[in-house]
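Numbering follows this note's numbering, in which position 41 of the sequence shown is assigned residue number 81; successive positions increment by one, without gaps.
Note that the Cβ used here is the ideal one computed from N, Cα and C, for glycine as well.
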Amino acid sequence: MIKTILCDLGNVIVFFNEDKLIKGLAEFSNKDEKYVHRFFNRSIARSGFDKGKISAEQFFRHFKTNLNLKLNFSQFKKIWCSCFSPNKEMEELLKKLKKNYNLVLLSNTDEMHFTYIKNNYPILDIFDDLILSYKVGYKKPSPLIYLYALKKTGRFPSHILYIDDIKEYVRAAKLFGIKSIQYKNFEKLKLDLKQKNIKI
Numbered sequence: 041m042i043k044t045i046l047c048d049l050g051n052v053i054v055f056f057n058e059d060k061l062i063k064g065l066a067e068f069s070n071k072d073e074k075y076v077h078r079f080f081n082r083s084i085a086r087s088g089f090d091k092g093k094i095s096a097e098q099f100f101r102h103f104k105t106n107l108n109l110k111l112n113f114s115q116f117k118k119i120w121c122s123c124f125s126p127n128k129e130m131e132e133l134l135k136k137l138k139k140n141y142n143l144v145l146l147s148n149t150d151e152m153h154f155t156y157i158k159n160n161y162p163i164l165d166i167f168d169d170l171i172l173s174y175k176v177g178y179k180k181p182s183p184l185i186y187l188y189a190l191k192k193t194g195r196f197p198s199h200i201l202y203i204d205d206i207k208e209y210v211r212a213a214k215l216f217g218i219k220s221i222q223y224k225n226f227e228k229l230k231l232d233l234k235q236k237n238i239k240i
């Protein structure tokens, strides 16, 4: 019987528009969007930021130097957090799930992104607990973050359902015996939840 639902954040609870972020940074750089996109996805500093290993200011300086950005920290922060939009259907679903299940957020995220989302998306207050990569020092799909989640929730894997949009992360959770669903769209999620006898 499922007692706890672990839920991802980006592209599940809020939509994440990577292209908007890349375009915003490129406007302040002498590099083209393709270069900025490649750097964004390959940056070691980004992984370190997601794990809380470097500060927001250090992260900004790394991007500013490597992309030759002509902006200040405040401008960078605004662009870095401009990429989110609400998933209203998911918000309503979480409110229904809260009536029968313990809700825990499990997210690869950084300090700037999460602070912005927390301040602008009140739905996050519905969660009983938060497991954030920049707080715990691990990122999905590392086994360590799933072990941390099991310890934090105090549940057997068979009592947990995990929802994430990234197939690799879903697969990693399944290795621990955690029932998992890959989020593709809202209608498909509802069908998947019904198949797993989740009360909505």
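If you follow the alpha helix (DSSP H) that residue i is in, where does it begin and where does it stop?
i: residue 106; result: 96-107
i: residue 183; result: 183-193
i: residue 71; result: Premise fails: residue 71 is in no alpha helix (DSSP H) and is neither H nor E.
i: residue 229; result: 226-235
i: residue 280; result: The requested residue 280 is not part of the displayed model; the chain covers only 41 to 240.
Pop quiz: residue i and residue j are said to be a contact at Cβ under 8 angstroms. What is the actual Cβ separation, rounded to whole angstroms?
i: residue 52; j: residue 62; result: At roughly 21 angstroms, the Cβ-Cβ gap does not stay under 8 angstroms, so residue 52 and residue 62 are not in contact.
i: residue 90; j: residue 150; result: 5 angstroms
i: residue 221; j: residue 200; result: Not quite, the Cβ-Cβ distance comes to about 12 angstroms (not below 8 angstroms), so this is no contact.
i: residue 54; j: residue 125; result: 7 angstroms
i: residue 186; j: residue 216; result: 5 angstroms
i: residue 108; j: residue 74; result: Wrong, their Cβ atoms sit about 15 angstroms apart, outside the cutoff.
i: residue 134; j: residue 163; result: 6 angstroms
i: residue 206; j: residue 137; result: With a Cβ gap of about 20 angstroms, residue 206 and residue 137 do not count as contacting.
i: residue 213; j: residue 223; result: The pair is not a contact, with the Cβ atoms about 13 angstroms apart (cut-off 8 angstroms).
i: residue 123; j: residue 152; result: Incorrect: roughly 11 angstroms between the Cβ atoms, too far for contact.
Can you tell me which of the three DSSP states residue i falls into?
i: residue 113; result: helix
i: residue 88; result: helix
i: residue 54; result: strand
i: residue 43; result: coil
i: residue 196; result: coil
i: residue 63; result: helix
i: residue 119; result: helix
From what residue to what residue does the beta strand (DSSP E) around residue i run?
i: residue 202; result: 200-204
i: residue 220; result: 219-222
By a C-beta neighbour count over all protein chains shown, 10 Å radius and 16 as the cutoff for buried, is residue i buried or exposed?
i: residue 46; result: buried
i: residue 114; result: exposed
i: residue 145; result: buried
i: residue 236; result: exposed
i: residue 130; result: buried
i: residue 94; result: buried
i: residue 127; result: buried
i: residue 105; result: exposed
i: residue 84; result: exposed
i: residue 159; result: exposed
i: residue 65; result: buried
i: residue 198; result: exposed
i: residue 142; result: buried
i: residue 194; result: exposed
i: residue 196; result: exposed
Regarding residue i and the ligand MN, is the C-beta to nearest heavy atom distance less than 6 angstroms?
i: residue 216; result: Of the ligands one can find in the structure shown there are none, so the ligand MN has no counterpart to examine.
Does any residue of chain D bring its CB to less than 7 angstroms from the CB of residue i?
i: residue 198; result: In summary, chain D is missing from the structure at hand, where a single protein chain is found.
- Item | Ranges of the beta strand (DSSP E) found wholly within the stretch 122-188, counting only runs of at least 3 | 124-126, 142-147 and 169-172
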